[in-house]
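To keep things clear, I will list the structure first and then write my remarks on it.
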Amino acid sequence: MLGGSILQSKHCLGLADMSTEEMTEILDNAVPMKQVISRDIKKVPTLRGKTVVILFFEPSTRTRISFELAAKHLSADTVNVSVSTSSVSKGESLFDTARTIKALGADLVVLRHPAAGAPHILARLIDVPVINAGDGMHEHPTQALLDLFTLRERKGELQGLKVVIIGDILHSRVARSNIWGLTKFGADVHLVAPPTLLPAGIGQTGVTVHHRPEDALVDSDVVMVLRLQRERQREGLIPGVKEYARLYGLNAARLALARPDAVVMHPGPINRGVEITDDVADGTRALITDQVANGVAVRMAVLYLLTLGREN
Ligand code: CP
Numbered sequence: 011m012l013g014g015s016i017l018q019s020k021h022c023l024g025l026a027d028m029s030t031e032e033m034t035e036i037l038d039n040a041v042p043m044k045q046v047i048s049r050d051i052k053k054v055p056t057l058r059g060k061t062v063v064i065l066f067f068e069p070s071t072r073t074r075i076s077f078e079l080a081a082k083h084l085s086a087d088t089v090n091v092s093v094s095t096s097s098v099s100k101g102e103s104l105f106d107t108a109r110t111i112k113a114l115g116a117d118l119v120v121l122r123h124p125a126a127g128a129p130h131i132l133a134r135l136i137d138v139p140v141i142n143a144g145d146g147m148h149e150h151p152t153q154a155l156l157d158l159f160t161l162r163e164r165k166g167e168l169q170g171l172k173v174v175i176i177g178d179i180l181h182s183r184v185a186r187s188n189i190w191g192l193t194k195f196g197a198d199v200h201l202v203a204p205p206t207l208l209p210a211g212i213g214q215t216g217v218t219v220h221h222r223p224e225d226a227l228v229d230s231d232v233v234m235v236l237r238l239q240r241e242r243q244r245e246g247l248i249p250g251v252k253e254y255a256r257l258y259g260l261n262a263a264r265l266a267l268a269r270p271d272a273v274v275m276h277p278g279p280i281n282r283g284v285e286i287t288d289d290v291a292d293g294t295r296a297l298i299t300d301q302v303a304n305g306v307a308v309r310m311a312v313l314y315l316l317t318l319g320r321e322n
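Numbering (this note's numbering), first residue to last: 11 to 322.
Structure (structure tokens):
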């Protein structure tokens with residue numbers, strides 16, 4: 011493990027406010043964490059005696075499980091709270107939930123919430139570190155950090171990589187965090203989506219916007235595919251799922267436009283046959299399972315740096 015943390019904030023709320031040096035510190039700390047996970051006994055006593063509360067107001071498989079594994083590998087105690095099993099289902103507010111968590115002695119809270127900015131509000135309500143595990147359509151910083159880690163591991167340098175992000179960018183917190191992270195590291199970021207699935211003003215964030223995948227994919231090093239968020243679709247944003255798959259889905263023919271060593275990423279969960287075909291998702295160029303595995307190491311690094319790393 012490395013020494014005391016340079017992280018400026020007590021919390022991990024988004025990559026918009028994080029410097030390249032701070033992100034690098036997290037990625038560097040994830041390297042020894044990955045070594046811990048590769049051992050027969052995947053446990054170090056680093057966070058023994060600390061309690062991590064994992065508070066999810068939205069469904070999750072990857073993020074929730076990997077935060078829990080990350081905390082357990084570091085010997086922290088974990089408490090899982092979800093809407094269906096907590097008093098939130100009886101109408102308890104975020105404020106009262108936060109007060110309860112604080113009274114129970116949490117050392118760190120991981121929050122996923124459907125409202126953009128909810129982790130920022132929680133961070134003001136309690137005096138323990140808060141990690142944003144996805145807030146509405148705003149940010150998903152640890153997903154982008156694990157994507158950066160996976161890319162750095164595979165490609166070495168992030169500077170100068172041509173990264174194409176293709177899909178439902180309007181509703182994607184993963185896209186927003188990755189745009190912040192990748193552009194800060196000097197990647198050449200291209201977005202592809204129908205005009206109705208792009209946020210207003212996104213072209214002013216240092217990215218290049220396209221409406222046809224074929225225009226963006228040529229010579230790309232990385233193709234990051236996003237899930238079509240059908241649960242967040244308002245009526246009429248796309249003509250239909252089949253039409254979307256035909257015009258925007260990543261298939262072998264479109265991937266052939268990218269560089270021969272280009273890699274394919276997807277944060278999951280995947281709509282197979284919609285934004286990506288089975289052969290591409292399961293192909294040798296896909297890093298999707300590496301992303302999931304690296305998520306544990308990156309989240310171990312974030313947990314460590316926000317708790318013990320700050321005390322060193
Ligand atoms: N990538 C991601 O956030 O997946 P989950 O919704 O399963 O956590």
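Quick reminder that beta carbons are idealized off the backbone N, C-alpha and C, glycines included.
Query: Outcome for residue 298 when other beta-carbon atoms lying within 10 angstroms are tallied against a minimum of 16; Result: buried
Query: Beta-carbon proximity list for residue 72, same chain, < 7 Å, skipping 5 on both sides; Result: 278, 302 and 305
Query: Burial state of residue 81, where buried means 16 or more other Cβ atoms lie within 10 Å; Result: buried
Query: Burial state of residue 63 (16 or more Cβ within 10 Å); Result: buried
Query: Candidates 130, 239 and 191, of which the one nearest residue 217 by Cα; Result: 191
Query: Distance between residue 246 and residue 143 (C-alpha atoms, nearest Å); Result: 29 Å
Query: Integer Cβ distance of residue 227 from residue 268, believed to fall under 8 Å; Result: 5 Å
Query: Three-state class that DSSP yields for residue 46 in the structure shown; Result: helix
Query: Residue 223 CB to nearest heavy atom of ligand 1 below 6 Å; Result: no
Query: Close-in-space but distant-in-sequence residues of the same chain around residue 137 (CB under 8 Å, 5 per side omitted); Result: 112
Query: Residue 65, buried or exposed, once every other Cβ within 10 Å from all chains shown has been counted against 16; Result: buried
Query: Whole alpha helix (DSSP H) elements within the region 244-269, 4-residue minimum; Result: 251-258 and 262-265
Query: Own chain partners of residue 180 with C-beta closer than 8 Å, once the 5 adjacent residues on each side are dropped; Result: 147, 203, 206, 207, 208, 209 and 247
Query: Any non-hydrogen atom of ligand 1 within 6 Å of residue 214 CB; Result: no
Query: Range covered by the beta strand (DSSP E) that runs through residue 292; Result: Note, residue 292: premise wrong, no beta strand (DSSP E); not H, not E.
Query: Distance, residue 177 Cα to residue 290 Cα; Result: 15 Å
Query: Own chain partners of residue 258 with C-beta closer than 8 Å, once the 5 adjacent residues on each side are dropped; Result: 176, 177, 202, 203, 204, 223 and 285
Query: Which of helix, strand or coil DSSP assigns to residue 281; Result: coil
Query: Sequence ranges, beta strand (DSSP E) only - wholly within the region 202-234, length at least 3; Result: 218-220
Query: Endpoints, alpha helix (DSSP H) assigned at residue 191; Result: 183-194
Query: Touch test, the region 111-131 against the region 157-174, Cβ-Cβ under 8 Å, three pairs minimum; Result: no
Query: Where residue 325 falls, given that 16 or more other Cβ within 10 Å makes a residue buried; Result: The structure shown does not extend to residue 325, since the chain is modelled only from 11 to 322, so the question has no answer here.
Query: Option nearest residue 295 by Cα separation, candidates 154, 265 and 238; Result: 265
Query: CB-CB length for residue 84 against residue 119, believed under 8 Å; Result: About 16 Å; that fails the 8 Å criterion.
Query: Proximity test, residue 61 beta-carbon vs ligand 1 heavy atom, cut-off 6 Å; Result: no
Query: Under the three-state DSSP convention, the category residue 237 falls into; Result: coil
Query: CB contact flag (residue 86, residue 307, <7 Å); Result: no
Query: Beta-bridge partners of residue 275, as assigned by DSSP; Result: 234
Query: Exposure of residue 263, with buried meaning 16 or more beta-carbon neighbours within 10 Å; Result: exposed
Query: Cβ-heavy atom distance, residue 152 to ligand 1, below 6 Å; Result: no
Query: Where residue 67 sits in the DSSP three-state scheme; Result: coil
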